[in-house]
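Structure, as structure tokens:
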Amino acid sequence: MSPHPSAVALDPRWVTLVDRLAPRLLGRDDRTGEALASEIVRLSELYTRERAQIGLASGALAARLRFFLLRDLPKVQGPLEELA
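In short: position in the sequence shown from 1, add 105, done, that's this note's numbering.
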């Protein structure tokens, strides 16, 4: 199945930038591999079932930066390019 015609591929430089900045920005709260996957699942659960607890999730920043930001950037990249 081919991607949606308006789908924009994520520029790989974003991944490189996040990989470089995450350890500095997140410190001990940075996650990768299985630990990151667990935080993504946990944050997804919070988004869908327990929104009030999102701010209390210690690993949530790693999940947001390393997964959700990179997943969502292409969604805004296309419209931003159209506005430029």
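For glycine and all other residues, C-beta sits at the position ideal for the given N, C-alpha and C.
Exercise. Pull up the distance between the alpha-carbon of Arg154 and that of Leu166, whole angstroms please.
Key: Taking the straight line joining both Cα atoms gives about 18 Å.
Practice problem: Compare the C-alpha of Arg136 against each of Val146, Arg125, Glu186, Arg171 and name the closest. | Solution: Checked all of Val146, Arg125, Glu186, Arg171; the closest Cα to Arg136 is Arg171.
Quiz item: Considering only residues of the same chain and omitting the five flanking positions on each side of Glu150, which have a CB-CB separation below 7 Å?
Solution: Cβ within range, chain order: n/a, list empty.
Quiz item: Is Leu187 buried or exposed, if buried means 16 or more other CB atoms sit within 10 Å of its CB?
Solution: Position check: residue 187 holds Glu in this sequence, whereas Leu was assumed. Exposed, by the Cβ-count rule.
Quiz prompt | Alpha-carbon to alpha-carbon, Pro179 and Leu141 | solution = For Leu141 and Pro179, the distance between alpha carbons rounds to 21 Å.
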